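Shown next, in C-alpha cells, is the structure this report addresses.
Take a look at the structure:
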C-alpha cells in the first residue's frame, strides 16, 4: 500500500503524516449550464461565463448522503486493496443532514462488518463546507497523537448541494471524497502552517430542518469568503515567516512560494477572484513593490487602498485578476476541472479541486511542490494550510500510485449522462417533495447509476433507510429490484447463499449489508 512504510505507534513522531490515497465520487448524470440558462430565461453566459460553470451533477431520489459516502468508501478500499481492519479512525464531514441523531459514520460501519472491526474512532463533523477539513485535521492530529494505534485514518466528505428555484440553483452539485490518512504520505501536512479564521455570520445557513434548501445572503457570503481568505493568508504568512526566521532566513513569503493553490469552489469564477485577492495581499504587504516591471506593473494607483473596502470594488478586482492571470493558469486553473464539470459539492469541493489538480499532472511535475489549500465553510469557518508533495516520484512510489489512481477522472466525467433542464427540474421537485417522507420507495432509475454505486431502496414507516449496491460488473439482474419486495427474507436467504459461493469479496460484503436491513 502506498505510504505504508514500517510504522510504530510507540516510536517517535510519525513522519510525513498526510493523504496517502484519495477517491472521488460524483453522480452519473448532469445538466448542461448553457441549456439551464435557456430554461431559466437568463442572458446567455450568465452561468457559463459569469459563474464559470459548464455542467452540474445532481442526484435523483435514489441517492442520499449515506449512499454517496458508502460508495466512495467502498471504492477507495477496493481500488487500494485495503482491509477494513486496517482502519482505526473514520470521520465524516457533511452538512447534508437526514437524521438529527444518527451519524453517517455509523451507516458506513456496516461495510466493516465482515472484518469484525468495530474499534473505529471518529464521528460526523458539521459546519457548512468546512466539515471535511475539520475531519481531515482531526485525522492528522490522531495519527500524530498518543492515541494513535498504528492504523490508518479514513476521512469522508460528502454532500448534496441543492437550491430552491432561482439565481442560486446553478451553483449546486453533489459528490463525495474519501481520503486515507497516515504516515509516509505522498501529500504530507506541513506542521505548524495553518492559518485559521472563525467568525459569526448568517451568510448561508439551513434553519428549516424539513427542507434541503439553505437560506443564502449571496453578497454577504462573498464578503465573508474573501475576508476569511485575507485573514487566513495573513496568519499563514506570519507563521511561515516565524519558521523561516528560526532557520536563519529573512525571506518574504509570497504566492511564488506555492507550487499550486486550490480553493473551496462554490463556483469557478470566485476561485479566480480569490487568487487575485491573494496577489492584492502580497502587493499591499510588500514594503516596496516594483510597479514598473514584474507582476505588480501598473498597480501603483492601488497602493493605499484598504482591503476591507475592496470586496466589491470592480476596478481593484479587474486590475488584480489581470495581474494574476499567469499565476492562475499555472497554479490554479487545472484544479477547477471537477468544479466546472460537476459543480459545488460543499464539503468535498476543495478536495475535488485537489483531485483535479493531481489528475492532470504527472508525478514528476508535482513532486516536491508546496500545495496551498484554502477551505471555507459559511457561518463562518476557514483555514489556509499547505501540503508538501514527496520528492519520490519513481514508478511504484506512493505519489506515482496516487496520480495513477486519479488519471481516469476526465474519462469518468465524460461517461456521465446528460439530461435536459426539464428533467433536472423534475428531479429537484421530486427531492423537494419526498426527501423527508417515511414509507417511501424511490422512483429514480437504478440503471442510470454508475456500476458499484450504493443507492436507496426504501424508507420504512419508522424512517429507517435501506440500501443496495449496483453490481460492479454492471450485470444488472432482477435481484436488486427484489430488495423492495414483500418476500424479502426468502429472497435474501437465496441471495446470501449465492454470495457465499462467489469468489467476489465485494459481493459478500454487499450481501451482508442488504441482509442486515431486512432480517
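Residue numbers (this note's numbering): 12 to 530.
Built from N, CA and C at the ideal position, the CB exists for glycine as well.
Since the model is a prediction, treat every value here as computed from it, not as a measurement.
- In the DSSP assignment, residue 476 falls outside any alpha helix (DSSP H) and lies within the beta strand (DSSP E) extending over 476 to 480.
- Proximity of the region 189 to 206 to the region 422 to 435 falls short of the contact definition, fewer than three beta-carbon pairs being nearer than 8 Å.
- Under DSSP, residue 264 shares a beta bridge with no residue.
- For residue 396, the enclosing beta strand (DSSP E) has its first and last residue at 392 to 400.
- With contacts defined as CB atoms closer than 9 Å, residue 367 and residue 348 qualify as a contacting pair.
- Beta-bridge annotation (DSSP): residue 465 is paired with 480.
- Distance from the Cα of residue 135 is smallest, within the candidate group 208, 327, 170, 71, for 170.
- Put simply, of 357, 287, 303, 299 the residue whose alpha carbon is nearest the alpha carbon of residue 326 is 287.
- Taking 8 Å as the upper bound for CB-CB distance, residue 345 and residue 307 are not in contact here, some 25 Å apart.
- In the three-state DSSP reduction, residue 80 falls in the helix class (H, G or I).
- Classified as exposed, residue 50 has fewer than 16 neighbouring CB atoms from the shown chains inside 10 Å of its CB.
- Comparing C-alpha distances from residue 28 to each of 162, 316, 228 shows the shortest one belongs to 162.
- About 18 Å separates the beta carbons of residue 188 and residue 410, which is beyond the 8 Å limit, so they are not a contact pair.
- Taking C-beta atoms as the reference points, residue 432 and residue 47 count as a pair closer than 9 Å.
- At a Cβ-Cβ threshold of 9 Å, residue 140 and residue 106 count as neighbours.
- The three-state secondary structure of residue 429, taken from DSSP, is strand.
- The beta carbon of residue 209 is closer than 7 Å to those of 392 in its chain, skipping five residues each way along the sequence.
- The region 461 to 474 and the region 79 to 88 touch, with three or more beta-carbon pairs separated by less than 8 Å.
- The Cβ-Cβ distance between residue 31 and residue 193 falls below 9 Å.
- When secondary structure is reduced to three states using DSSP, residue 351 falls in the helix class.
- DSSP lists 393 as the beta-bridge partner residues of residue 208.
- DSSP places residue 377 within a helical segment (H, G or I) once states are collapsed to three.
- Taking residue 422 as reference, the option from 39, 23, 449 with the minimal CA-CA separation is 39.
- Per DSSP, residue 170 is one residue of the beta strand (DSSP E) stretching across 163 to 172.
- Sixteen is the threshold: since fewer than 16 other Cβ atoms of the shown chains lie within 10 Å of the Cβ of residue 301, the residue is exposed.
- DSSP places residue 281 in the uninterrupted alpha helix (DSSP H) bounded by 279 to 296.
- Counting every other CB atom within 10 Å of its CB across the protein chains shown gives residue 68 a total of 16 or more, marking it as buried.
- Counting along the chain, no beta strand (DSSP E) covers residue 251; the unbroken alpha helix (DSSP H) around it starts and ends at 229 to 257.
- Taking one beta carbon from each stretch, the region 284 to 298 and the region 314 to 332 have 3 or more pairs nearer than 8 Å; the two touch.
- Here DSSP, grouped into helix, strand and coil, assigns residue 382 to strand.
- Excluding its 5 nearest sequence neighbours in each direction, residue 248 has C-beta neighbours in its own chain below 7 Å: 264, listed in chain order.
- Counting along the chain, the unbroken beta strand (DSSP E) around residue 100 starts and ends at 98 to 104.
- As computed with DSSP, residue 138 is found in a beta bridge with 140.
- Residue 127 sits away from residue 160, with the two beta carbons spaced by 9 Å or more.
- Around the Cβ of residue 153, a 10 Å sphere holds 16 or more other Cβ atoms; the residue is buried.
- Per DSSP, the unbroken alpha helix (DSSP H) holding residue 332 starts and ends at 325 to 334.
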